[in-house]
Structure formats: structure tokens, C-alpha cells
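Trainee:
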Amino acid sequence: MVWARSRGRQRDLRCRPRAVRHRVRRGRLIERRGPSSPCHDASVAQRSGPLVRVLLADRQPLFRRGVIEAFSGEPDLEIVGETDDGSKVPDLVVSSGADLLLLDLGISGGGVEVCALVRSARPDVRVVVLAHADDDAALAGAVRAGARGYLRKDTTAEELLGAVRMVAAGNSLLSPAMTSRLLDEFAVLVRRHESPSEGTTALSRRELEVLTLVAQGLNNRAVASTLFISENTVKNHIRSIHDKLHVHSRMEAVLRAARAGLLHIT
62 MVWARSRGRQ
72 RDLRCRPRAV
82 RHRVRRGRLI
92 ERRGPSSPCH
102 DASVAQRSGP
112 LVRVLLADRQ
122 PLFRRGVIEA
132 FSGEPDLEIV
142 GETDDGSKVP
152 DLVVSSGADL
162 LLLDLGISGG
172 GVEVCALVRS
182 ARPDVRVVVL
192 AHADDDAALA
202 GAVRAGARGY
212 LRKDTTAEEL
222 LGAVRMVAAG
232 NSLLSPAMTS
242 RLLDEFAVLV
252 RRHESPSEGT
262 TALSRRELEV
272 LTLVAQGLNN
282 RAVASTLFIS
292 ENTVKNHIRS
302 IHDKLHVHSR
312 MEAVLRAARA
322 GLLHIT
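Numbering-wise (this note's numbering), the sequence shown opens with residue 62 and increments by one.
(1) How should S181 be labelled, buried or exposed, when 16 other C-beta atoms within 10 angstroms of its C-beta is the threshold for buried?
(2) Compare the C-beta of R126 against all C-beta atoms of chain C and say whether one is closer than 8 angstroms.
(3) Hey, would you say A203 sits closer than 8 angstroms to C176, going by beta carbons?
(4) Here's the rule: buried if 16 or more other CB atoms are within 10 angstroms of the residue's CB, otherwise exposed. What is D185?
(5) Between which two residues does the beta strand (DSSP E) carrying E143 extend?
(6) On the CB-based measure, 16 or more other CB atoms within 10 Å of its CB, does P151 come out buried or exposed?
(7) For a test of the three-state rule: what should DSSP assign to L235, helix, strand or coil?
(8) Counting pairs of beta carbons, one from the segment 285-303 and one from the segment 207-222, are three or more of them closer than 8 angstroms?
(9) I'd like the list of long-range same chain contacts for G170, defined as Cβ closer than 7 angstroms, with 5 residues on each side in sequence excluded.
(10) Restricting to Cα atoms, I'd like to know which of E139, E313 and T144 is closest to L161.
(11) State the DSSP-derived secondary structure class of L116, mapped to helix, strand or coil.
(12) Less than 8 angstroms between the C-beta atoms of V328 and A224, yes or no?
(13) Taking just the CA atoms, how far does R209 sit from M312?
(14) Consult DSSP for D165 and reduce its assignment to one of helix, strand or coil.
(15) Roughly how many whole angstroms lie between the Cα atoms of R234 and S133?
(16) When you compare the CB positions of E270 and L288, do they come within less than 8 angstroms of one another, or not?
(17) Using a Cβ-Cβ cut-off of 6 angstroms (strictly less than) and excluding sequence neighbours within five positions of E143, which residues of its own chain qualify?
(18) Grab me the residues of N281's own chain with a C-beta within less than 7 angstroms of its C-beta, minus the 5 sequence neighbours each way, in chain order.
(19) Thinking A314 and H303 are a contact (beta carbons under 8 angstroms), I'd like their distance in whole angstroms, please.
Here's what the structure looks like:
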């Protein structure tokens, strides 16, 4: 479930959703946004940056309403549409011009399948999948389909908003525990002597060091601090890794390198 801060305590948005003035039709675009919610700290209003257009696809009406409320006071985030029908998601992603998709893993048609269709229709769209509980098989499937992030539905509003901003900025979002599970799966493939993927052997020693730290869940700043290099240098290495491995996200790079046996997985 999604929560919002209100007078110093957490409030369950599913239990008492605040009315937000917008016109919504299921499976169609939101035509007008509501006023800012008082549930957010005043400091939130000071955030600035490129507007991130978000499409929300979830089977639960109350959850969608809670997410819409959480977004209503964010100047850099906009919900441009919502639906509970997985079959409509690919078309809505195209027609809405969404930058990011929040996708219920249990939506009709299957979250993994819908994610793959969306990435096929709009490869530039970033996908964050939402689930009620950790599911190793679903997680692996979602990442293979192109998801950039994976969140439980019991996350707080603040965590959800932070995750959306992180993924919209080009980062991947998986907990260290989830990363470890996913790497374990590919470690099995490595032990079966799977042939290295084309391009992986072209990574430099420094690029492998950067990728190893990324696989451990470190962000750019932490990687830079560990290797005693600048954050811009880390970003340049990551861009080079993406180009060499022909991938579009940090997590895809980690998975491909792990599959080729280039990362030491413990």
C-alpha cells in the first residue's frame, strides 16, 4: 500500500483517499491535475527538474487513487493516465507520451508480458513494476523484459516518489537482496559454462571494477568514492559499458556480465 505523511504520522491512503480534482476515465488520459496535497512537506514544493510524465497501470482502484494523491503535490512529476487493463497499456504509453510506467505485476495480461510489449513499442520508456511481495521468478522475468525498477506495494509515498525520480534519471532500482538473488540465478548459468556474450570481453579493467560495485547496489557517488574517481568519470564509464554491452540500463549490464562470467558472484 502507499502511505503519505500527515501531521507527523503515516496515513494509509487506501483507507481515506483525498479528493483530487481531475477528470479520469478508465484507460484514458487524465485531462486536468488537482491541487497540491497538504500531505507533503513544504520542501517538496522546492524540487525542480524536468517534468516526468508517468502512466499508472494497476488493477486496484484504491491503490491508484493513493498514488495519484501522492503525486498531486509534486511539481516535477505528473500522472498522465491510468488504467486497470493490461491490454491497453502499450497503446496508452504511446498516446500519453509517458516517460515512465508504474506497472502492477499482477495486472491482466501479466505484468511481465505487458512490460515486454511496452518496451517493444517504446524502448525509451522506463518501467517500474509493483508487487505485493518479493517473487524471485517474477522479478527475473520483469528485468529480462526491460523493467528498470521493482518495488513492493507496501512502500511509503516518499519511497515511491524517490524511486520514480531515481529511475527517471536513468538509474535502476533493486534492493541489494533482490540484486543478489538475480545474480545467483545467472551464476547457475555461468557454472554451466555458458559461452560469453559478444562484446563483454571488451570491457576494461576499470569498467569491470565499476560494474562490480554497481552489482553490489552502489550508486554513482558511492562508486566514485570507493574508486577515488569523480562522479562524472563513473558516469562516463557506465555509458561506455552500456555501449559495449548493447544494453540500456545498469541492471541489464550487470546481468549480461554475470551471464558471461565476468563478475565474481559470492
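Here a beta-carbon is modelled for each residue, glycine too, at the ideal position from N, C-alpha and C.
Mentor: Well, looking at it:
(1) Position 120 of the sequence shown holds residue 181. Around the Cβ of S181, a 10 Å sphere holds fewer than 16 other Cβ atoms; the residue is exposed.
(2) In the structure shown, chain C cannot be found, because there is only a single protein chain.
(3) Residue 203 sits at position 142 when you count from the first residue of the sequence shown. Residue 176 sits at position 115 when you count from the first residue of the sequence shown. Yes, Cβ-Cβ distance for A203 and C176 is below 8 angstroms.
(4) One-based indexing of the sequence shown puts residue 185 at position 124. Exposed is the call here.
(5) Taking the sequence shown and counting its residues from 1, one reaches residue 143 at position 82. Looking at the DSSP string, the run of the beta strand (DSSP E) that includes E143 is L138 to T144.
(6) Position 90 of the sequence shown, counting from 1, holds the residue named residue 151. Buried is the call here.
(7) Here residue 235 refers to the residue found at position 174 when the sequence shown is read from its first residue. Here L235 sits in coil by DSSP.
(8) The segment 285-303 is not in contact with the segment 207-222.
(9) In the sequence shown, the residue the question calls residue 170 occupies position 109. Closer than 7 angstroms at the Cβ level, and outside the excluded window around G170, lie G147 and S148.
(10) Residue mapping note: residue 161 aligns to position 100 of the sequence shown, counting from 1. With respect to the C-alpha of L161, the residue from E139, E313 and T144 having the closest C-alpha is E139.
(11) Indexing the sequence shown from 1 puts residue 116 at position 55. Looking at L116 - three-state DSSP - the assignment turns out to be strand.
(12) Here the chain covers residues 62 to 327 and nothing more, so residue 328 does not appear.
(13) Start at 1 with the first residue of the sequence shown, and residue 312 comes out as number 251. Start at 1 with the first residue of the sequence shown, and residue 209 comes out as number 148. M312 and R209: Cα-Cα distance of roughly 7 angstroms.
(14) For this step, residue 165 is matched to residue 104 along the sequence shown. Secondary structure at D165: strand, using DSSP grouped into helix, strand and coil.
(15) The residue labelled residue 234 in the question sits at position 173 within the sequence shown. The residue labelled residue 133 in the question sits at position 72 within the sequence shown. Checking the displayed sequence, the identity of residue 234 turns out to be Leu instead of Arg. Cα-Cα distance, rounded: 23 angstroms.
(16) Residue numbering aside, residue 270 sits at position 209 when the sequence shown is read from its first letter. Residue numbering aside, residue 288 sits at position 227 when the sequence shown is read from its first letter. Less than 8 angstroms divides the Cβ of E270 from the Cβ of L288.
(17) As a working note, residue 143 is residue 82 in the sequence shown. Excluding sequence neighbours, E143 sits near L117 and R125.
(18) Walking along the sequence shown from the start, residue 281 turns up at place 220. By the criterion of a C-beta distance shorter than 7 angstroms, N281 is surrounded in its chain by E292, V295 and K296, once the five residues flanking it on both sides are discounted.
(19) Along the sequence shown, read from residue 1 onward, the residue named residue 314 stands at position 253. Along the sequence shown, read from residue 1 onward, the residue named residue 303 stands at position 242. Contact holds; Cβ gap of about 6 angstroms.
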